[in-house]
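Numbering-wise, the numbering used here comes out as the position in the sequence shown, counting from 1, plus 286.
Even glycine gets a Cβ: it sits at the ideal position worked out from N, Cα and C.
Comments concern the structure below.
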Amino acid sequence: MASTLVHLTSIERLSVQHGLPHAIEHAVAHFPGAARLGAVCVDLPYYHNFPARLVEHFRLSAPPAFPWAERFHEEDPRPFAGALLDAARAAAPGDARDARIAFAAGYLVHAAFDQVTHRAVERHVAEEGAAGDPLPAWHRHLRAEKWQSLYYHQRMFGEDIAGRARYLSRWRFVDHPPRALAALGLFTRGELPWPAAVAAQLGGAFPVEPGRALRIACRAVWGVAPAWPLMAEWLSGLVQFGLLTCGPLGRVEGLGRDAAAAAARPERARYYHDPDPARGVDFEALVEEACARSARYLEGAAARLDGGGEDATAGLPLVAEDLSGRPLDGEKRTSEATSVHPGRR
287 MASTLVHLTS IERLSVQHGL PHAIEHAVAH FPGAARLGAV CVDLPYYHNF PARLVEHFRL
347 SAPPAFPWAE RFHEEDPRPF AGALLDAARA AAPGDARDAR IAFAAGYLVH AAFDQVTHRA
407 VERHVAEEGA AGDPLPAWHR HLRAEKWQSL YYHQRMFGED IAGRARYLSR WRFVDHPPRA
467 LAALGLFTRG ELPWPAAVAA QLGGAFPVEP GRALRIACRA VWGVAPAWPL MAEWLSGLVQ
527 FGLLTCGPLG RVEGLGRDAA AAAARPERAR YYHDPDPARG VDFEALVEEA CARSARYLEG
587 AAARLDGGGE DATAGLPLVA EDLSGRPLDG EKRTSEATSV HPGRR
């Protein structure tokens, strides 16, 4: 249940190991919460009514349809990416524009990671189904993502991340204090401390400029946009998930404190690195491929921010795939994939 953290740490890894275009690096440095929010924004609908989603997970009940998640994941991502960048370019120079740029950058990295890594997830889902695994396909999808993420972050941070409160700081998406709190003098300008950010997010605070950019882009592409209260509810659900995974109950879903024992569980470790060369599943290699693709996307985004054109895809070298890595066929997709793996991507 830690797969969302791959997206939350992806832009951090990209910045350190690959570097970012100057305008984007500046924006992400000043608005890291907006970048993290962009990196998970299209997954937010999966966290609607999170307590119900949690019950469904443990009861193996089929979750409902998530119309906004279907739009985000199963349609051409290029118009939406272009609309996010146009929303950033239209903002007044300064904090508003930087926050929107950081948000758009997070989305582009999410798109690249989804397109690349979902191939391995879906391979596991199909092979396990053919072998007679009794779990529903959507649950097998979540299981593969969970173990990939846990082993990946164990290598990144040198420990099992599940159940460790210090990783809660990565679930901070509010860069500056809500205006009401700032007006009362409770917080000074600057990144909001993570306990206050978590409290604000649970209380219904959705960052203003990322929210505006998201709504502008949705209207540009689909003619409708999620309401502010709905987006706030999504974000609250995501933060509840973060609290759960970083708290004591998160240890139940983790690798355990004995890393050697965890690595000795081939039925788990194979999701991260399968020793069978015929299968060739190496999640670290997929992450490197996703980072390289992200870097190309961000270079294109920087070029579009500098000029671009009227075409929403101008200057954006996005691969013609949806966010499951499927080639686009030019037609609006149905929810077929959602019935197979509707979990948190």
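Residue ranges of uninterrupted alpha helix (DSSP H) with 4 or more members, entirely inside the segment 327-360 and ordered along the chain, are 336-345 and 353-360.
By the C-beta density criterion, Gln303 is exposed, having fewer than 16 other C-beta atoms within 10 angstroms. In the three-state reduction of the DSSP assignment, Glu495 falls in the helix class, which pools H, G and I. Annotation: Ser610 is outside any alpha helix (DSSP H) and is labelled neither H nor E by DSSP. The alpha-carbon of Ala309 is positioned some 7 Å away from that of Ala588. Scanning its chain for C-beta atoms nearer than 7 Å, with the 5 sequence neighbours on each side dropped, one finds around Val292 the residues Phe399, Ser435 and Tyr438, in chain order. With at least 16 other beta carbons inside 10 angstroms of its own, Ala511 counts as buried.
Between the C-alpha atoms of Arg357 and Arg383 there is a straight-line separation of about 25 Å. In chain order, Ala313, Val314, Phe317, Ala320, Ala321 and Gly324 place their CB closer than 7 Å to the CB of Ala388, counting only its own chain and leaving out the 5 sequence neighbours on each side. Around the beta-carbon of Gly489, fewer than 16 other beta-carbon atoms lie within 10 Å, marking it exposed. Straight across, the Cα-Cα distance linking Glu414 with Trp424 is about 12 Å. Annotated as distal: Phe527 and Tyr393, with beta-carbon spacing of 8 Å or more.
Between Arg386 and Ala416, the alpha-carbon positions lie close to 44 Å from each other. With the rule of 3 Cβ pairs closer than 8 Å, the segment 363-373 does not count as touching the segment 338-349. DSSP, reduced to helix, strand and coil, places His462 outside both helices and strands of the structure shown, so it counts as coil. In the three-state reduction of the DSSP assignment, Asp568 falls in the strand class, which pools E and B. In this chain, the alpha helix (DSSP H) harbouring His439 covers Ala423 to Phe443. The Cβ atoms of Ala499 and Ala338 lie no closer than 8 Å to each other. Distance from the CA of Arg505 to the CA of Gly380, rounded to the nearest whole angstrom, comes to 24 Å.
A direct Cα-to-Cα measurement between Glu539 and Leu428 gives close to 12 Å. Apart from sequence neighbours up to five positions away, the residues of its chain that approach Ala390 with a beta-carbon distance below 8 Å are Gly324, Ala367, Leu370, Leu371, Ala373, Ala374, Ala499 and Ala587, ordered along the chain. Put simply, the backbone Cα of Thr403 is about 29 Å away from that of Pro534. By the neighbour-count definition (other C-beta atoms within 10 Å, threshold 16), Gly449 is a buried residue.
Looking only at Leu524, Val407 and Ala377, the smallest Cα-Cα distance to Asn335 is reached by Leu524. Annotation for Gly509: no residue places its beta carbon closer than 6 Å to its own, counting only its chain and skipping 5 residues before and after. Within the model, the alpha-carbon separation for Trp354 versus Val407 is close to 22 Å. Residues of the same chain with a CB within less than 6 Å of the CB of Val573, apart from the 5 flanking positions on each side, do not exist. Taking C-alpha positions only, Met517 is separated from Ala503 by approximately 14 Å. Counting along the chain, Trp457 sits inside no alpha helix (DSSP H), nor does DSSP assign it H or E at all. For the pair Leu454 and Cys532, the CB atoms are nearer than the 8 Å cut-off.
Annotation: the continuous alpha helix (DSSP H) that includes Ile310 extends over His308 to His316.
Separation of Tyr558 and Arg441 (C-alpha to C-alpha, rounded to the nearest whole angstrom) is 11 Å. Between Trp520 and Leu330 a beta carbon distance of about 4 Å is seen, short of the 8 Å cut, so the two are scored as contacting.
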